[in-house]
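Trainee: Provided herewith is a single structure, encoded as structure tokens, for subsequent inquiry.
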């Protein structure tokens, strides 16, 4: 793991917002070279046990979605819960989990916002810029922006906008299911972000990468059948 844009994490809320504004200018909204041939996609999720953040990363192989690597880290939380600044609570744990990851993916899908954020730097964009690596935001709810509900069929999506700017896609990953909020993290365009999330989605609303990372973050381990290549 290589941190390209390091910064302090134990800062005041005002300093944190200033860091976000600075890093947001580094976000690249176009695809990294070769991303269309992505073979490994990693889901990232962060849970909390008291005052400890538990970050989980699960790498899956495309197109089978077989999990091939995973890591878990627990880090004491030092930053308060402030909407819009959650990366400062979760980021150190994510970096700690990535330190021990044995197989580096082509792209990360975060259970978090990307540029669909008031300062255009949710956790997915924040980590993408810090690592200078392709990343996607795949959130279960909206943080900012307006949208019209997409048609009911799988794969349908409508723009998520903030003023005149398109900041994401409101995507049906399953017919008639509640949509997900997909946004550019870093070095991925919106169309590719939507395509990769759909490629990682099987019979559930959430992509398998996110479901497996959530399981690992919640339980502290992956079930044996998952480790043997059988998805939940």
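Residue numbers (our numbering): 66 to 297. Glycine included, C-beta positions come from ideal geometry on N, C-alpha and C.
What are the partner residues of residue 110, as DSSP defines its beta bridges?
Mentor: Per DSSP, 121.
Trainee: Give the range of the beta strand (DSSP E) segment to which residue 131 is assigned.
Mentor: Residue 131 -> beta strand (DSSP E) spans 131–141.
Trainee: Would you kindly check if the distance between the Cβ of residue 274 and the Cβ of residue 133 is under 7 Å?
Mentor: Contact: no.
Trainee: In angstroms with no decimal places, state the Cα-to-Cα distance between residue 140 and residue 170.
Mentor: Roughly 23 Å separates the two Cα atoms.
Trainee: In angstroms with no decimal places, state the Cα-to-Cα distance between residue 207 and residue 224.
Mentor: Going from the Cα of residue 207 to the Cα of residue 224 covers about 12 Å.
Trainee: Go to residue 225, then tell me how far its beta strand (DSSP E) extends in each direction, as first and last residue.
Mentor: First-last of the beta strand (DSSP E) with residue 225: 222–227.
Trainee: Would the beta-carbon of residue 98 be found less than 6 Å away from any heavy atom of the ligand SAM?
Mentor: Ligands displayed in this structure: none; no statement on the ligand SAM is therefore possible.
Trainee: Counting only beta-carbon separations shorter than 7 Å, does residue 130 have a partner in chain D?
Mentor: This model lacks chain D altogether, as it is built from one protein chain only.
Trainee: Among 160, 83 and 115, which one has its Cα closest to the Cα of residue 175?
Mentor: Nearest C-alpha to residue 175: 160.
Trainee: Please look up how many angstroms separate the CB atoms of residue 215 and residue 236, rounded, as I've assumed it's under 8 Å.
Mentor: So it is a contact: roughly 7 Å between Cβ atoms.
Trainee: If you follow the beta strand (DSSP E) that residue 248 is part of, which residue opens it and which one closes it?
Mentor: Unbroken beta strand (DSSP E) run through residue 248: 245–251.
Trainee: Our contact map puts residue 184 next to residue 89 with C-beta atoms below 8 Å; I'd like the distance itself, whole angstroms only.
Mentor: Right, their Cβ atoms sit about 6 Å apart.
Trainee: Do you know offhand how far residue 241's Cα is from residue 120's?
Mentor: Rounded to whole angstroms, residue 241 to residue 120 spans 31 Å at the Cα level.
Trainee: Is the Cβ-Cβ distance between residue 234 and residue 222 less than 7 Å?
Mentor: Yes; because the gap between Cβ atoms is below 7 Å, this pair is in contact.
Trainee: Can you give me the C-alpha to C-alpha distance between residue 195 and residue 249, rounded to a whole angstrom?
Mentor: Between residue 195 and residue 249, the C-alpha separation is close to 15 Å.
Trainee: I'd like the ranges of any alpha helix (DSSP H) spanning at least 4 consecutive residues and lying wholly in the stretch 159–238.
Mentor: Complete alpha helix (DSSP H) runs here, min 4: 188–196.
Trainee: Buried or exposed for residue 83, going by 16 or more other Cβ atoms inside 10 Å?
Mentor: Looking at its Cβ environment, which holds fewer than 16 other Cβ atoms inside 10 Å, residue 83 is exposed.
Trainee: Pull up the distance between the alpha-carbon of residue 182 and that of residue 245, whole angstroms please.
Mentor: Those two C-alpha atoms are separated by around 15 Å.
Trainee: With a Cβ-Cβ cutoff of 7 Å, do residue 85 and residue 186 count as a contact?
Mentor: Yes, these two residues count as a Cβ contact at 7 Å.
Trainee: Below 7 Å between beta carbons: does that hold for residue 104 and residue 127?
Mentor: It is a contact, given that the beta carbons lie within the stated cut-off.
Trainee: With distances taken Cα to Cα, identify the nearest neighbour of residue 243 among 254, 271, 70 and 232.
Mentor: With distances taken between Cα atoms, residue 243 lies closest to 271.
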